[in-house]
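There are 2 protein chains.
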Amino acid sequence: MEVGREFTREVGLGGIEALIQLLAKVPGLGPRSARRAALHMLKRRESLMEPLARALREAADNVKTCSVCNNIDTVDPCTICAGTKRDRSQICVVEDIGDLWAMERVVGFRGLYHVLGGTLSALDGIGPEDLNVGGLVERAASEEVKEVILATNATVDGQTTAHYIADRLKDANVIISGLAHGVPVGGELDYLDEGTLSAALKARKPV
Amino acid sequence: MEVGREFTREVGLGGIEALIQLLAKVPGLGPRSARRAALHMLKRRESLMEPLARALREAADNVKTCSVCNNIDTVDPCTICAGTKRDRSQICVVEDIGDLWAMERVVGFRGLYHVLGGTLSALDGIGPEDLNVGGLVERAASEEVKEVILATNATVDGQTTAHYIADRLKDANVIISGLAHGVPVGGELDYLDEGTLSAALKARKPV
Ligand SMILES: [Zn+2]
Ligand SMILES: [Zn+2]
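Protein chains in written order, with full-length UniProt numbering: chain G, 1 to 207; chain P, 1 to 207.
1) Can we count Val68 (chain P) as close to ligand 2, meaning its CB is less than 8 Å from some heavy atom?
2) Which parts of the segment 25–85 of chain P are runs of the alpha helix (DSSP H), unbroken and 4 residues or longer, counting only runs that do not cross its ends?
3) Give me the residue from P:Ser67, P:Gly118, P:Thr74, P:Val185 with the minimum Cα distance to Leu19 (chain G).
4) Our contact map puts Asp130 (chain G) next to Asp190 (chain G) with C-beta atoms below 8 Å; I'd like the distance itself, whole angstroms only.
5) Specify, as a first and last residue, the run of the beta strand (DSSP E) that Val93 (chain G) falls within.
6) Quick one, which residues of the segment 39–53 of chain P are near chain G if we go by CB-CB under 9 Å, in chain order?
7) Give the C-beta separation of Leu52 (chain G) and Leu56 (chain P) to the nearest angstrom, bearing in mind that I take them to be a contact with Cβ-Cβ under 8 Å.
8) To test your reading of the DSSP string, which unbroken beta strand (DSSP E) runs of 3 or more residues are found completely within the segment 129–159 of chain G?
9) Tell me the rounded alpha-carbon separation between Asn132 (chain G) and Asp61 (chain P).
10) Taking 6 Å as the limit between beta carbons, can you name the residues of its chain near Ala141 (chain G), skipping five residues before and five after?
11) Using 10 angstroms around the beta-carbon of residue 211 (chain G), count the other beta-carbons present and answer buried if the total reaches 16, otherwise exposed.
12) Would you say Pro206 (chain G) lies against chain P (beta-carbon separation less than 9 Å)?
13) Is Asp99 (chain P) near ligand 2, with its Cβ less than 8 Å from a heavy atom?
14) Out of G:Arg44, G:Arg88, G:Val94, which one is the CA nearest neighbour of Lys64 (chain P)?
15) Identify the contact partners of Leu56 (chain P) in chain G, using a Cβ-Cβ distance below 8 Å as the criterion.
16) What three-state label does DSSP hand Gly100 (chain G) in the structure shown?
17) Any C-beta of chain P sitting closer than 9 Å to the C-beta of Pro77 (chain G)?
18) Beta-carbon separation of Thr119 (chain P) and Thr155 (chain P) under 9 Å?
19) Give the interface partners of Leu22 (chain P) over in chain G, defined as CB-CB distance under 8 Å, in chain order.
20) Excluding the five sequence neighbours on either side, which residues of its own chain have a C-beta within less than 6 Å of the C-beta of Thr161 (chain G), listed in chain order?
21) Going along chain P, which residues have a C-beta under 8 Å from Val68 (chain G)?
22) When the cut-off is 9 Å and only beta carbons count, does residue 216 (chain P) lie next to chain G?
23) Note down, in chain order, every chain G residue with its Cβ under 7 Å from the Cβ of Ala162 (chain P).
24) Within 10 Å of its beta-carbon, does Gly178 (chain G) have 16 or more other beta-carbons around it, so buried, or fewer, so exposed?
25) Assuming Gly28 (chain G) and Arg36 (chain P) are in contact, meaning their beta carbons sit under 8 Å apart, how far apart are those beta carbons, in whole angstroms?
26) Give the DSSP bridge partners of Leu112 (chain G), in chain order.
27) Check residue 219 (chain P) in the structure and name its three-state DSSP category.
28) List the residues that DSSP assigns as beta-bridge partners of Ile175 (chain G).
29) Would you tell me roughly how many angstroms separate the C-alpha atoms of Val107 (chain P) and Arg32 (chain G), rounded to the nearest one?
30) Assign Ala59 (chain P) to one of two classes, buried (16 or more other C-beta atoms within 10 Å of its C-beta) or exposed (fewer than that).
31) Using the Cβ count rule (16 or more neighbours within 10 Å means buried), how would you classify Leu116 (chain P)?
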């Protein structure tokens, strides 16, 4: 890495080198594409670099976790939880905010959500207390909730988690359903095409 | 795109959606990886999102184009042009700042540079007046410059540009050289195009 260090010191890229190193930490960008991205943005300062700096700053300053469902938004409760047009009889349980986004964007699900923040995992030492399950049990006890849709990933950990949640909800007066097969085994929701995800939602079954 | 618009409005991602759309314009990130990148950063606000916002802001505010060589840096003349340890007898002519970075980082070239800002291109309507050639002719007239290395890409436009520049420099008292064509170090002959292989054979040297 002698050459790399030499580069930074001699060329005095200073701020640019720091920028490149941070960009290289963004998923999807490696060191080489980070350089390309930095250069691309430096050539589009007003149309891309400055707006992106502002958007990052604003998101970092204003985004918070919804105290009801664990979604992230600029308001708490989040826009979904506070939405007047949402079907409040259904709660879709997802592992991660990325999965919530997939359900919203791809499927157009119109109920409410509950974000667990992960799955049970013996390997990673993640137990029930690490997931946001207590809040879900409370919400499911409410009169207006009729159905809890377990939309955890079709992985071993995702399905273990679904069974655990179904068990925790067995005394709640709700239908508990899961996404139908159609979700490929081992598949992550975030990577699914619209057809598969829509079909899986439509054909959901009691667990 | 009805679903997409619906998503933005209903979910009220506001700043997040704007952030995702800007990230999707960064080369290397598409719409899907932009969402993943946004989520990744939202989970690493202090370690990644805020530092990146600052680095982008600082680069946007402080980076300028070198009035001598067209490099970008936080100072003008750039650190290379102002460097006391650079070999001022050599000027390496590159198409783009990315090529300058490659020469610095990969090759460790220790002379000076001249960034053209593109190549001549009949197709894209880029003529000599669009490139930073006049400045190069002036620099090459200086006593201290002994050699101009034409390191434009080995494309048709790159080579056309190199020939054009060589012609413009024919009255300057400098050696004009170009990068040798040959087998890339570590390259397998089998994968090389005929032109490269022919050039490598023609330029063969005693071992
Ligand atoms: Zn919420
Ligand atoms: Zn310079």
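Here a beta-carbon is modelled for each residue, glycine too, at the ideal position from N, C-alpha and C. Model, not experiment: these values are computed from the prediction.
On the basis of the data shown:
1) yes
2) 31–42, 50–62, 79–82
3) P:Thr74
4) Incorrect: roughly 21 Å between the Cβ atoms, too far for contact.
5) 90–94
6) Listed in sequence order: Leu39, His40, Met41, Leu42, Lys43, Arg44, Arg45, Glu46, Ser47, Leu48, Met49, Glu50, Pro51, Leu52, Ala53.
7) 6 Å
8) 147–150
9) 42 Å
10) Ala172
11) Outside the displayed span of chain G (1 to 207) sits residue 211 (chain G), for which this structure offers no information.
12) no
13) no
14) G:Arg44
15) Identification of chain G residues near Leu56 (chain P) by a Cβ-Cβ cut-off of 8 Å yields Leu19, Met41, Met49, Glu50, Leu52, Ala53, Leu56, ordered along the chain.
16) Here residue 100 (chain G) is Leu; the residue named in the question, Gly, does not match the sequence. In the three-state reduction of the DSSP assignment, Leu100 (chain G) falls in the helix class.
17) no
18) yes
19) Leu48, Pro51, Leu52, Ala55
20) So the list reads Thr119, Leu120, Thr152, once near-sequence residues are dropped.
21) What Val68 (chain G) touches in chain P: nothing, since even the nearest Cβ is about 15 Å away.
22) Residue 216 (chain P) lies beyond the range of chain P shown here (1 to 207); nothing can be said about it.
23) Here the premise fails: no neighbours, minimum Cβ distance about 22 Å.
24) Burial is judged here by how many other beta carbons sit within 10 angstroms of a residue's own beta carbon; Gly178 (chain G) has at least 16 and is buried.
25) That pair is a contact at about 7 Å.
26) G:Ile91
27) Residue 219 (chain P) lies beyond the residue range present for chain P, which begins at 1 and ends at 207; the question has no answer from this structure.
28) G:Glu147
29) 16 Å
30) buried
31) buried
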